[in-house]
Amino acid sequence: MTNWQTAWLLWLQAERRYPENTLQAYQRDFDDYATFITARQGDIATPERALFRQYLAALQQKGLAKTTIARRVSSLRSYYRYGLKHEGASLPDISWMKAPRGHKPLPKAVSGAQAEALLSALAQKDQDPWVTQRDTALLLLLYGAGLRLSEALSLTAGQLPLSEWLRITGKGGKSRDIPLLPVITQTIHLYHDVCPFDQQGTDPLFVSTRGNALGPRAVQRLLEELRLMANLPAHTTPHALRHAFATSLLAGGGDLRAIQQLLGHASLSTTQLYTHIDSARLTDVHQQTHPRAKK
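Residue numbers (my numbering): 973 to 1267.
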């Protein structure tokens, strides 16, 4: 067993600015791989192609999604690259460590009507008014500004009062400026005014009922509850609200490069996935409404 695993994770956190949930995923990926290899008496410090292929086959037999397998391979490649560059490890060429190719699934968004249904369901929840105000502000940030959930939860009280623009630090420590709709700034300020906890400086803006930082799982559970109340599809998740932001901009004639900047995508190819969604929607509308579509 190599001894730079902890250093690798600390490096990802400090230098690459990976969020905690990503670090935990990388940790699980590595532990799963290490268990598989060591059980077959393989030396994890010198990966062999045959064992690696066996590992991929085992993942596929478990029925894991290709995106999950791809992330696991990415974790391993990162681990070995770190050992080679930072630990002076004597490693073979690992360029052959690649995940099986597959079609990248299109992100699923919620419609404007579905987003409104979520907010209506939220207003009907029996909870403290300040909690409802908090949840409303959070959902508006995801849907109205396209933030990742981790980005919204990383906001601090010291960033208030908000102006027309909000600076966000996203993946890889990269910053971007996002314009805010007046309704979003007003809702956030109102939430902060009614929040019963004293929030200053680096204190998290979004807090739980105990005054601790609000966690992503709590928000995911909230969306699960709201979608059931509003009878919405299973893909109604926090990330689906971010997708809805992107598709609505594209449908309104937004420039693809501008949308890329607003979403914080490192590659334009990631943003281009939304053009396929829009095309699929246009095709569906055409097939459903054109008088000769079914002839």
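Each residue gets a CB set at the ideal place from its N, CA and C atoms; glycine is no exception.
Small disclaimer: the values here were computed from a predicted structure and weren't measured.
Helix, strand or coil: which one does DSSP assign to MET973? In this prediction, MET973 scores a pLDDT of 48, lower than 50, which makes its location untrustworthy; the coordinate-derived value is nonetheless stated afterwards. Correct three-state label for MET973: coil.
Helix, strand or coil: how does DSSP classify VAL1179 here? strand
By alpha-carbon positions, which one of ILE1150, LEU1111, ILE1160 ends up nearest to LEU1132? ILE1160
Examine chain B for any beta-carbon lying closer than 8 Å to the beta-carbon of ALA1089, and answer yes or no. The chain inventory of the structure shown lacks chain B, comprising one protein chain alone.
I think CYS1167 touches VAL1179, with their Cβ atoms under 8 Å apart; what is that distance to the nearest whole Å? 7 Å
Counting C-beta neighbours from all protein chains within 10 Å, is the total for GLU1123 16 or more, i.e. buried, or is it exposed? Label assigned to GLU1123: buried.
Nearest CA to the CA of ALA997: which residue from LEU1177, ARG1182, GLY1144, LEU1048? LEU1048
Take MET1069 and list the residues in its own chain whose beta-carbon comes closer than 8 Å to its own, dropping the five residues that flank it on each side. PRO1019, PHE1024, VAL1045, LEU1048, ARG1049, TYR1052
Taking Cβ to Cβ, would you say TYR1054 is nearer than 8 Å to TRP983? yes
Look at the Cβ atom of ASP1175, then the Cβ atom of ALA1129, and state whether they are nearer than 8 Å. A contact, by the Cβ cut-off of 8 Å.
Buried or exposed for HIS1058, going by 16 or more other Cβ atoms inside 10 Å? exposed
With 16 other Cβ atoms within 10 Å as the buried cut-off, status of GLN1105: buried
First and last residue of the uninterrupted alpha helix (DSSP H) at ARG1000: 992–1011
Thinking just about the alpha-carbon of each residue, which of TRP976, ALA1017, ARG1012 is nearest to the one in GLN999? TRP976
Buried versus exposed, by CB contacts within 10 Å (16 or more), SER1062: exposed
Take GLN985 and list the residues in its own chain whose beta-carbon comes closer than 7 Å to its own, dropping the five residues that flank it on each side. LEU995
Would you kindly report the start and end of the unbroken beta strand (DSSP E) that includes THR1138? Inspection of the sequence shows that residue 1138 is occupied by Leu rather than by Thr. Looking at the DSSP string, the run of the beta strand (DSSP E) that includes LEU1138 is 1137–1141.
Tell me the start and end of each unbroken alpha helix (DSSP H) in the stretch 1052–1140 that is at least 4 residues and wholly inside, in chain order. 1084–1095, 1101–1117, 1121–1125
Extent of the continuous beta strand (DSSP E) run through PRO1019: PRO1019 -> no beta strand (DSSP E), and no H or E assigned at all.
Burial state of SER1220, where buried means 16 or more other Cβ atoms lie within 10 Å: Buried.
Consult DSSP for ALA1185 and reduce its assignment to one of helix, strand or coil. strand
Expressed to the nearest angstrom, what Euclidean distance is found between the alpha-carbon atoms of GLY1187 and PHE1169? 17 Å
Figure out for me which residue from LEU1125, LEU1153, LYS1146 has the closest Cα to the Cα of TRP1137. Ranking the options by Cα distance to TRP1137, first place goes to LEU1153.
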